[in-house]
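S.K.: Chains as they are written, first to last, in my numbering: chain S, 907 to 1327; chain L, 907 to 1327.
Cβ coordinates follow ideal geometry from the N, Cα and C atoms, glycine included.
My structure is below; once you've seen it, I'll send some questions.
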């Protein structure tokens, strides 16, 4: 039976991601070192604390622990979020807040509540693939904006916006990851953050600000003012802010949140009702208790230290791999190191060679809405140990050297968009 | 700031459900007895078993417990599902299976992968509101089919299909809940199940079969043949089957699953990647261990007994409430008793009166895609104790008697669609 005639137009365009196919193959390669998905380090999870919390919660005294819950989220967790946001400079009221089943759901909700087919969304070049696919599934038109070492290129943003205006196309939203961006690790500079709000007001558009990594700054010189969310200064109500516990507590709890102007938050709630009714009650209570008992506060410095050492290990290994021609901007926080290789290297073509040598990454083209980036790759330093990072970069360098010695013809056609965090 | 110009067409039509607004008010009424949401009984959750399982899982030996997981689901759980489905008569292969974040996500996935604006979906009159809103959010055209005491009316199904065909409109899918339907508690008779497959083949359409309650039969006379899913005899691959652990283990684990022909299952997986990446790993492992350690098997007879007694209590209380003119078909399983009152009663208008007397239900119109059902209501007998059920029906009868003595003018306008399980 042929199911093609049953598919929606959105589904016709959905494609199994090349990366996930690679992932399946990779799982069969023994001893593979993965720099591909942005996984937090499982050694750093607060296992003992969660075991104690779970045991307390499952005593059966509160039936709500295992029951359906309100779509907006578990009320004590929402109240905790108000305090957590306050520390980031965001004064959020409960009617602006909603818990989401991971930040990916927040992106999907934003897409569904805001976007019709053909609506324009601007994204950084490169940008997070999960956002890209969420917006693409709403059949939005995705347009890229260049980046500089201090984040999004404001001149290019104006140029792109002006070009779209001339074409009669309105920009509905700009999607940005200002703190230690996925995939580049870049930090948007302080003056640029205010400028983005001005740009949004001038062009009557929204900003979707995704901030999963803001707490994970490595550099002592980075202050709260440097990672201060754009949302913190959003007096006009143009910013939808997303953040998550996946990178600080654990991804398995699927607990993240959105902050949005009340009329939009109300729409997100109604949309979520029909999407998954509610985020898991047990998960939300685990997260709430982890905040209440100080687990989150204790985790942050530990994680900063851990990931800084891993970042250092990866950078050092790359510096030692002379001859591969790798260039990068040192990430000052987060999970990712973004590598640009010489033009003749195609990282999509390189991938099977790298896999044969026992290392995997995400090819850069999947992060570019304009199909560029064939010579780039995203390396996650978050999940591998220091020894494995050094070993993995060695394997990668060998694969690159091999491909540069015998390069293929033209770059391969654009790869499908992967869905990895 | 006015956000209306930022909303998608789908979002413009989304409305906060009247029931949830009622729910918020209800939460402020002390001692309210709720027959509204289809919540399982928290006293019946296997608290001790979950505490033990959680403690074992959180020992930290397997980092995957708190990590991101594959979009399709935790592999051992998928293998368990193969066995569980086999007992229901369904021979599913792993490439047909996917874990979903609750069955609501399965409904949403079906909507997004199959439906474009204007596509026709048939639903029973009445039908589950969560399905209704999921399909409505895809801007599908929802058409109702009448029911009889043994489920969907096949003559009306043919009449409706023929009328649509004359209008040049193709039916993409029929949504049914064959076992102890939400909201009516009806069981589709055995001959009708085969007839639905023939109907689907004749009209080249799909069937979305939702089966959360199939295990919860009360009546000794009901055999596995009576609750045998339509999917079990689906040689042609026209049925998408959904089921869940929410009603047997606990809703908080947000663990449900879909069975679909492999090409559709592949699309569901890709869609889910951009919707929430994966269902929670910890939740899936809790459910897997609950299956492996026999918790699920031990729960089923306990739950059947518990819910049968509650059904009996509600029926007896209704029988005693002579003079309210209530009619119903005895539900032989599941969570719900569907009441039809005399025509002059409008259950939407009745609701505030009932609330004032300390009892709440879901007004029936929200379950009808054609706006009928003003004199019907859904009563969930699953969550209240025997005493509270008797007391609650007494309160309800008093409210009905009061409204019948002083009926309002015409029925109120159609209520917004609620999102409760």
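Got a sec: is the Cβ-Cβ distance from residue 934 of chain S to anything in chain L below 8 Å?
M.R.: No, its Cβ sits nowhere closer than 8 Å to a Cβ of chain L.
S.K.: Assuming contact is defined by CB atoms lying nearer than 8 Å, are residue 1270 of chain L and residue 1255 of chain L in contact in what I supplied?
M.R.: Cβ atoms of residue 1270 of chain L and residue 1255 of chain L: not closer than 8 Å.
S.K.: Comparing the C-beta of residue 938 of chain L with each C-beta of chain S, is any distance below 8 Å?
M.R.: It does not; no Cβ of chain S falls within 8 Å.
S.K.: Assign residue 920 of chain S to one of three DSSP states: helix, strand, or coil.
M.R.: If DSSP states are grouped into helix, strand and coil, residue 920 of chain S belongs with coil.
S.K.: Can you have a look at residue 1311 of chain S and say buried or exposed, based on whether 16 or more other CB atoms are within 10 angstroms of its CB?
M.R.: Flag for residue 1311 of chain S reads exposed.
S.K.: For chain S, find out if any of its Cβ atoms is closer than 8 Å to the Cβ of residue 1043 of chain L; answer yes or no.
M.R.: Answer yes: the Cβ-Cβ gap between residue 1043 of chain L and chain S drops below 8 Å somewhere.
S.K.: How big is the Cα-Cα spacing for residue 1097 of chain S and residue 1138 of chain S?
M.R.: Computed Cα separation, rounded: 14 Å.
S.K.: Let me know if residue 917 of chain S comes out buried or exposed under the rule of 16 or more other beta-carbons within 10 Å of its beta-carbon.
M.R.: Buried, since its Cβ has 16 or more Cβ neighbours within 10 Å.
S.K.: Under 8 Å, do residue 1113 of chain L and residue 1082 of chain L count as touching if we go by C-beta distance?
M.R.: Yes, Cβ-Cβ distance for residue 1113 of chain L and residue 1082 of chain L is below 8 Å.
S.K.: Taking the straight line between their C-alpha atoms, what separation do you get for residue 1324 of chain S and residue 1174 of chain L?
M.R.: Confidence in residue 1324 of chain S is poor, its pLDDT being 40 and thus under 50, which makes the residue's placement too unreliable to answer from.
S.K.: Bridge partners of residue 1284 of chain S, per DSSP?
M.R.: S:1244, S:1268.
S.K.: Checking 8 Å against the spacing of the C-beta atoms, do residue 941 of chain S and residue 1090 of chain S come in under that value?
M.R.: Against a cut-off of 8 Å, the Cβ pair of residue 1090 of chain S and residue 941 of chain S comes out as no contact.
S.K.: From the beta carbon of residue 1163 of chain L, is the nearest beta carbon of chain S less than 8 Å away?
M.R.: No, its Cβ sits nowhere closer than 8 Å to a Cβ of chain S.
S.K.: Which residues bound the alpha helix (DSSP H) around residue 901 of chain S?
M.R.: No answer is possible for residue 901 of chain S: the residues shown for chain S start at 907 and end at 1327.
S.K.: Are the stretch 1189 to 1203 of chain L and the stretch 949 to 966 of chain L touching by the rule of at least three beta carbon pairs closer than 8 Å?
M.R.: Output reads yes: the stretch 949 to 966 of chain L touches the stretch 1189 to 1203 of chain L.
S.K.: So if DSSP puts residue 1049 of chain S in a beta bridge, which residue, or which two residues, is it bridged to?
M.R.: Looking at the DSSP assignment, residue 1049 of chain S forms a beta bridge with S:1028.
S.K.: Starting from the C-beta of residue 1320 of chain S, find all residues in its chain whose C-beta is less than 7 Å away, skip the five residues before and the five after it, and write them out in chain order.
M.R.: Low confidence applies to residue 1320 of chain S: its pLDDT is 48, below 50, so where it sits in the model is not reliable, and the reading given next is rough at best. 1271, 1277, listed in sequence order.
S.K.: How many angstroms separate the CA atom of residue 1266 of chain S from the CA atom of residue 939 of chain S?
M.R.: About 6 Å.
S.K.: Going by DSSP, what residues sit across from residue 1239 of chain L in a beta bridge?
M.R.: For residue 1239 of chain L, which the question treats as bridged, DSSP gives the partners L:1123.
S.K.: Residues in the stretch 1170 to 1192 of chain L with C-beta within 7 Å of chain S's C-beta atoms, listed in sequence order?
M.R.: Within the stretch 1170 to 1192 of chain L, the residues whose Cβ lies closer than 7 Å to some Cβ of chain S are 1170, 1172, 1173, 1176, 1177, 1179, 1180, 1181, 1182, 1183, 1186, 1187, 1188, 1189, listed in chain order.
S.K.: Do the CB positions of residue 1193 of chain L and residue 1155 of chain L come within less than 8 Å of each other?
M.R.: For residue 1193 of chain L and residue 1155 of chain L, yes; Cβs fall inside 8 Å.
S.K.: Could you have a look at residue 1261 of chain L and say whether DSSP puts it in helix, strand or coil?
M.R.: DSSP places residue 1261 of chain L in helix when its eight states are reduced to three.
S.K.: With a cut-off of 8 Å, does the C-beta of residue 907 of chain L fall near any C-beta of chain S?
M.R.: It does; some Cβ of chain S falls within 8 Å.
S.K.: Ignore the nearest five residues each way along the sequence and tell me which others in residue 1124 of chain S's own chain have a CB closer than 7 Å to its CB.
M.R.: Result list for residue 1124 of chain S: 1210, 1213, 1214, 1217, 1238, 1239, in chain order.
S.K.: Would you mind telling me which residues of chain L sit closer than 7 Å to residue 1156 of chain S, beta carbon to beta carbon, in chain order?
M.R.: What residue 1156 of chain S touches in chain L: 972.
S.K.: In whole angstroms, what is the alpha-carbon distance linking residue 1007 of chain S and residue 1084 of chain S?
M.R.: Taking the straight line from one Cα to the other gives about 22 Å.
S.K.: Tell me which residues share the same chain as residue 1279 of chain S and place their Cβ nearer than 7 Å to its Cβ, disregarding the 5 neighbours each side in the sequence.
M.R.: 1032, 1270, 1271, 1273, listed in sequence order.
S.K.: Could you run through the stretch 1002 to 1018 of chain S and flag, in chain order, every residue whose CB is less than 7 Å away from some CB of chain L?
M.R.: Listed by position, the residues of the stretch 1002 to 1018 of chain S near chain L (Cβ gap below 7 Å) are 1007, 1008, 1010, 1011, 1014, 1018.
S.K.: At what residues does the beta strand (DSSP E) containing residue 1234 of chain S begin and finish?
M.R.: No beta strand (DSSP E) holds residue 1234 of chain S; DSSP gives it neither H nor E.
S.K.: Quick check: the Cα distance between residue 908 of chain S and residue 1018 of chain S, rounded to an integer number of angstroms?
M.R.: Each residue's Cα considered, the two are about 28 Å apart.
S.K.: Considering just the uninterrupted stretch of the beta strand (DSSP E) at residue 1161 of chain L, what are its terminal residues?
M.R.: Residue 1161 of chain L -> beta strand (DSSP E) spans 1161 to 1165.
S.K.: Is there a C-beta anywhere in chain S that falls below 8 Å from the one on residue 979 of chain L?
M.R.: No, residue 979 of chain L lies away from the interface with chain S (no Cβ there is under 8 Å from its Cβ).
S.K.: Chain L beta carbons: is any one of them nearer than 8 Å to that of residue 1125 of chain S?
M.R.: Chain L contact via Cβ: absent.
S.K.: Can you grab the Cα-Cα spacing for the pair residue 1038 of chain L / residue 1014 of chain L, in whole Å?
M.R.: Looking at the two C-alpha atoms, the distance is approximately 10 Å.
S.K.: When you check each C-beta in the stretch 1069 to 1085 of chain S against every C-beta of chain L, which residues fall closer than 7 Å?
M.R.: Taking 7 Å as the Cβ-Cβ cut-off against chain L, the residues of the stretch 1069 to 1085 of chain S that qualify are 1078.
S.K.: Between which two residues does the alpha helix (DSSP H) carrying residue 1293 of chain L extend?
M.R.: Run containing residue 1293 of chain L: 1292 to 1311, per the alpha helix (DSSP H) assignment.
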